[in-house]
Every structure is written in structure tokens, then in C-alpha cells.
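A short worksheet on the structure shown next.
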Amino acid sequence: MSSLTSLVPFDWFEIHSSSRSPQLRVGHSSTFVPSSSTVYVLGGANPSECFADVHSLALPSKTSETFLWTKLLAEDPALRRYEHSAVLSTENPDQVVFFGGADTENNHNDVHVFNISTKTIENWTPKDNKLVSPRTHHSSCCVQHGLYIFSGGFQGVKSVDDSELYRFDLVSKTWSCVPAHGSPPEQRHGHCLLSLDNARLYLHGGMDGRTFFSSLYSIDLTQKPPRWNEHRSSSSCPMARAAHGGVSIEITSTLFIFGGLSRSGQALNDTWSWSTKSEQWTEIICRNVPKARLDFAYCLIECKDKEEDSEKSIPMMFVHGGTDTQGEVFDDCFLLRLTFDSDQ
Numbered sequence: 002m003s004s005l006t007s008l009v010p011f012d013w014f015e016i017h018s019s020s021r022s023p024q025l026r027v028g029h030s031s032t033f034v035p036s037s038s039t040v041y042v043l044g045g046a047n048p049s050e051c052f053a054d055v056h057s058l059a060l061p062s063k064t065s066e067t068f069l070w071t072k073l074l075a076e077d078p079a080l081r082r083y084e085h086s087a088v089l090s091t092e093n094p095d096q097v098v099f100f101g102g103a104d105t106e107n108n109h110n111d112v113h114v115f116n117i118s119t120k121t122i123e124n125w126t127p128k129d130n131k132l133v134s135p136r137t138h139h140s141s142c143c144v145q146h147g148l149y150i151f152s153g154g155f156q157g158v159k160s161v162d163d164s165e166l167y168r169f170d171l172v173s174k175t176w177s178c179v180p181a182h183g184s185p186p187e188q189r190h191g192h193c194l195l196s197l198d199n200a201r202l203y204l205h206g207g208m209d210g211r212t213f214f215s216s217l218y219s220i221d222l223t224q225k226p227p228r229w230n231e232h233r234s235s236s237s238c239p240m241a242r243a244a245h246g247g248v249s250i251e252i253t254s255t256l257f258i259f260g261g262l263s264r265s266g267q268a269l270n271d272t273w274s275w276s277t278k279s280e281q282w283t284e285i286i287c288r289n290v291p292k293a294r295l296d297f298a299y300c301l302i303e304c305k306d307k308e309e310d311s312e313k314s315i316p317m318m319f320v321h322g323g324t325d326t327q328g329e330v331f332d333d334c335f336l337l338r339l340t341f342d343s344d345q
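Encoded structure:
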């Protein structure tokens, strides 16, 4: 295609590539690196295998009009995991930091880094690594030189018995507990943790046992001390869910969520936005919607028009893989443009 910026807003675009894409999987992570316009997919699992690989997806550029998948690492024991979290380091854009998750035997609480240029894995786990217990299906954000996580999964549908907010310092490589005030969210897993303005974290949804959450919380990390706040909307809001995806858009101060698992056990494929200005939810009616799914990889992609020397970028949600509730596991891949030209 000529340019990703020509995509129609809120019309799901399915990515096709002549190169071999990652095998169908769930519980993997995807991380976008703006400097190279590349998405990195780590780990994941399907009913027959727990993966220990890294794939990259190069987006169309000035030199290429195609999407190109490449397997960068075929096997590294540190990568063998699913339902972990991964973020691009704010300290070094050549590093993808990943934490926790599980393999077929155990949950993990280790921290590793995938070095993009050398295609190597480095262990950043602190020697005295007892503050944060092993956990799966959490979510993480990089804010102010730190990796933040909240709660996560313990076993089956049960979450860890922990509702603290933790910070991993990307410089000192140490964990600390954030002394947050207010009423924190209940322990949960399968939630979304998103950030705005390099200062605020937003937490949506998740589950613990048979309880599914529809609540939205935020915490401003620049406050002394930080304080949790619950946001209640007078408008209609997304049904309670877990194992969904979400991204945050700085230019419009908006959060978007997609898909997940409902309280009734239904896989979802709806899209909602939350405006931090109006504090209202809005359901977004999209075209060419992917099959309903949960436990997929997702991330924010920001594309610049390759035909123009402009600093303007177009935010999009990237979705890969996942599963439905009938046991079908996916290997398809989509983009959703999240703004109109008038929003720029």
C-alpha cells in the first residue's frame, strides 16, 4: 500500500504479508519502535507449544510498500513465556523490557531485556527479587524512567493477593512499592494499564475469580503522594471485561479499548473510547471488525506520512492473534486508525 496514513479512520485494516507471520498464538506481547517503524512480537503460546521467539513486523516505508515479517530469534529460554508484559524502554529505544508471565510449569517475576540491535537477551532481575511475586496477565507502562505494574494472575481465574502498585527503576534496576493513597483498585488480572502525559496511569477492567470489573481508575504519579481516583461516567460504558487490549492517544487525551472476555464468557470485538476531558465513554462503531477475541497482542503505532516531510503522526491500534471462547486461536493481524485529520 502507498501509505498507512491513507487508512480510513475506524475502519479495521487487515495486514497481509508475503513473508511468514508468527504461528497462531495467545498471551504474546507486541511493542512498537518508532525510530524503525517496526513492531516486535515476543513469546506467547498455543495449545501445543509455549514459544521462546521474537518476530518483527516492518511497516511500509519510503523504501518499501509492503509489510515484512522476520523471525529474529527462534529460541531463547528467557523468552519462553506467555501472558507477560513488555514495553519499550524510555531510557534506551533499542531495548524492549519484559516482565513476568508463565510457562507450562510456573509463573515468573523476572525482568529481562531484548536488545534490538544485537538480538540478544539480558537478565535484569534483581538479586533479591522478593518484593514482587510471580504473576501473569498483568499490564505495564513506562513512565518517568520506570516500569509500572499492578496486580496480575495467580492460578486459573484467581488473581494474586496483591493490590499494590510497583515500579521497576530502569536505571538502578530495582523494584519499589509506590506509596499510593486513595482507594486502590481491587486485585485483578487481565486488565489494561495505560499512560498519558508521562504522568498519569489509567487502569481499566480485569477479573478476579468470578468477578469481572468495568471500573476505570487513574493515578497521577506527579502528585505527592500519588492518589488513586475512580472515574464514574454518566454515559453508557463498556461492559465488564478482561483480557482486552487498549491504547492511549496523547494528542486527544483519549483512551481506546477493544475486545476481551465478558462476564458471561463471551468473546468481544467492540471498541470504546474514554475522553479524559469530558470524562465520558463513547462506543465507536467500526467497519470490517475482526472476529471477537481475547488474550491478543496489542500496542499503539504512530505513523508518519512517508510522502510528506511532516512531524504529524497518525495513531493506530495494532492487534495480532488471540483466541475466541470456542478454542480457535488466531494468527491474523490488524490496524485501526484512531483519529480523523481534523484531530491532528
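Numbering (my numbering), first residue to last: 2 to 345. Built from N, CA and C at the ideal position, the CB exists for glycine as well. From a predicted model like this one, the values you see are computed outputs, not experimental measurements.
From what residue to what residue does the beta strand (DSSP E) around residue i run?
i	result
arginine 21	Looking at the DSSP string, arginine 21 is not in any beta strand (DSSP E), and its letter there is neither H nor E.
asparagine 289	It is not in any beta strand (DSSP E) - asparagine 289 carries neither H nor E in the DSSP assignment.
glutamine 188	No beta strand (DSSP E) holds glutamine 188; DSSP gives it neither H nor E.
valine 42	39-43
methionine 317	314-321
histidine 232	228-232
leucine 336	334-338
glutamine 156	154-156
tryptophan 70	69-74
tyrosine 299	298-305
aspartate 271	268-276
tyrosine 167	166-170
serine 31	30-34
phenylalanine 341	Segment: none, phenylalanine 341 is in no beta strand (DSSP E) and carries neither H nor E.
histidine 56	55-59
tryptophan 125	Note, tryptophan 125: premise wrong, no beta strand (DSSP E); not H, not E.
histidine 113	112-116
serine 177	176-178
Mark residue i as exposed unless 16 or more other C-beta atoms lie within 10 angstroms of its C-beta, in which case mark it buried.
i	result
isoleucine 286	exposed
serine 235	exposed
glutamate 84	buried
arginine 233	exposed
histidine 17	exposed
arginine 82	buried
threonine 137	buried
aspartate 209	buried
histidine 182	exposed
threonine 255	buried
glycine 266	exposed
serine 86	buried
aspartate 54	buried
asparagine 124	exposed
arginine 189	buried
arginine 211	exposed
serine 279	exposed
alanine 244	buried
asparagine 107	exposed
proline 186	buried
Could you name the residues of the same chain whose beta carbon sits closer than 8 angstroms to that of residue i, not counting the 5 residues immediately before and after it, in chain order?
i	result
serine 1	The structure shown does not extend to residue 1, since the chain is modelled only from 2 to 345, so the question has no answer here.
tyrosine 167	Leu132, Val133, Tyr149, Ile150, Phe151, Trp176, Ser177, Cys178, Val179
arginine 21	Trp70, Lys72
tryptophan 13	Cys287, Arg288, Asn289, Val290, Pro291, Phe335, Leu336, Leu337
leucine 301	Phe33, Val248, Ser249, Ile250, Pro316, Met317, Met318, Phe319
glycine 346	The shown model of the chain, from 2 to 345, leaves out residue 346, and the question about it has no answer.
leucine 25	Asn47, Gly322, Val330, Phe331, Asp332
At a cut-off of 6 angstroms, would you count residue i as near the ligand SAM, judging by its Cβ distance to the nearest heavy atom?
i	result
proline 180	You won't find the ligand SAM in this model; it holds no ligand whatsoever.
CB-CB under 6 angstroms to residue i, same chain, minus the five flanking residues each way: which ones, in chain order?
i	result
threonine 283	Ser274
aspartate 201	Inspection of the sequence shows that residue 201 is occupied by arginine rather than by aspartate. Hits under 6 angstroms: Ser219, Asp221.
proline 10	Arg338, Phe341
tyrosine 259	In the sequence as displayed, the identity of residue 259 is phenylalanine instead of tyrosine. For phenylalanine 259, where only same-chain residues beyond five positions count, the Cβ hits under 6 angstroms are Gly246, Thr272.
cysteine 334	Ile16, His321
glycine 28	Gly45, Ala46, Tyr83, Glu84, Asp296
lysine 305	Ser314
Using the DSSP secondary-structure output, state which residues sit across from residue i in a beta bridge.
i	result
cysteine 142	Tyr149
methionine 208	His190, Phe213
alanine 243	Leu262
lysine 159	Gln156
arginine 201	Leu197, Asp221
threonine 64	DSSP lists no partner for threonine 64.
valine 88	Val98
leucine 295	Thr324
asparagine 108	Ala103
serine 249	Leu256
valine 27	Ala46
valine 330	Thr324
Between which residues of its own chain and residue i is the CB-CB distance below 7 angstroms, once the five residues before and five after are set aside?
i	result
serine 134	Asn110, Val161, Asp163
lysine 225	none
alanine 268	Leu262, Ala293, Arg294, Leu295, Asp325, Thr326
cysteine 238	Ser215, Trp282
threonine 91	Cys143, His146, Leu171
proline 35	Glu303
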